[in-house]
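Each residue of the sequence shown is one higher than the one before, counting from 136 in our numbering.
Positions of the beta carbon are idealized from the N, C-alpha and C atoms, including for glycine.
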Amino acid sequence: MSQSYASDEKGVVLTCPECQTANRIAYARLDQQGRCGSCKAQLPLVSWPVEVSSAQGFGTMVSQCPLPLVIDFWAPWCGPCQMMAPEFAKAATQAAGEAIFVKVNTDEQPEIASRFRIQGIPAFVLMRKGEVSAQTSGFQPAAALLAWLRRA
Ligand SMILES: [Zn+2]
Numbered sequence: 136m137s138q139s140y141a142s143d144e145k146g147v148v149l150t151c152p153e154c155q156t157a158n159r160i161a162y163a164r165l166d167q168q169g170r171c172g173s174c175k176a177q178l179p180l181v182s183w184p185v186e187v188s189s190a191q192g193f194g195t196m197v198s199q200c201p202l203p204l205v206i207d208f209w210a211p212w213c214g215p216c217q218m219m220a221p222e223f224a225k226a227a228t229q230a231a232g233e234a235i236f237v238k239v240n241t242d243e244q245p246e247i248a249s250r251f252r253i254q255g256i257p258a259f260v261l262m263r264k265g266e267v268s269a270q271t272s273g274f275q276p277a278a279a280l281l282a283w284l285r286r287a
């Protein structure tokens, strides 16, 4: 089982490990460890994939996130995408603090997929400072995805 974070128009939702309160971390602050608004405990770095819930939120994340974004375009009916999910999650954990790993369900967010001209899935887009820095596609182990991120 891999874990993931929910997101909305303004940020990523992290659950406080101490008091279980849901905290929203603004996209512009995804490189920092915030504190829980309720108990003030330090929140963990984003270390699992972030599920995109709206094109608007995705646009804000792309324009404001200070870390590179590794975007996985996938769909529930796609076998290789299912195989890829635990590898993508593993890469997200290993690259915590270095890049934010993002999942876009192409069935739910077709306009984002068409904006990036996604043909086959799984497809991966690396964005730095709002610009596409590299693209690749097809199943790959976590180590290969990390190597791609670090050389692109
Ligand atoms: Zn707390």
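query: Completely contained alpha helix (DSSP H) runs for the segment 201-246, where each covers 4 or more residues; result: 214-229
query: Sequence-distant residues of the same chain with beta carbon closer than 7 angstroms to Ser189, five excluded per side; result: Glu144
query: Boundaries (first-last residue) of the alpha helix (DSSP H) holding Leu299; result: Not covered by the structure: residue 299. The range shown for the chain is 136 to 287.
query: Close Cβ partners of Cys213 (< 6 angstroms) along its chain, the five nearest in sequence each way excluded; result: Ile256
query: Closest Cα partner of Gln199 within the set Lys264, Thr156, Gly169 and Ser272; result: Lys264
query: Coil, strand or helix - Ser142 by DSSP; result: strand
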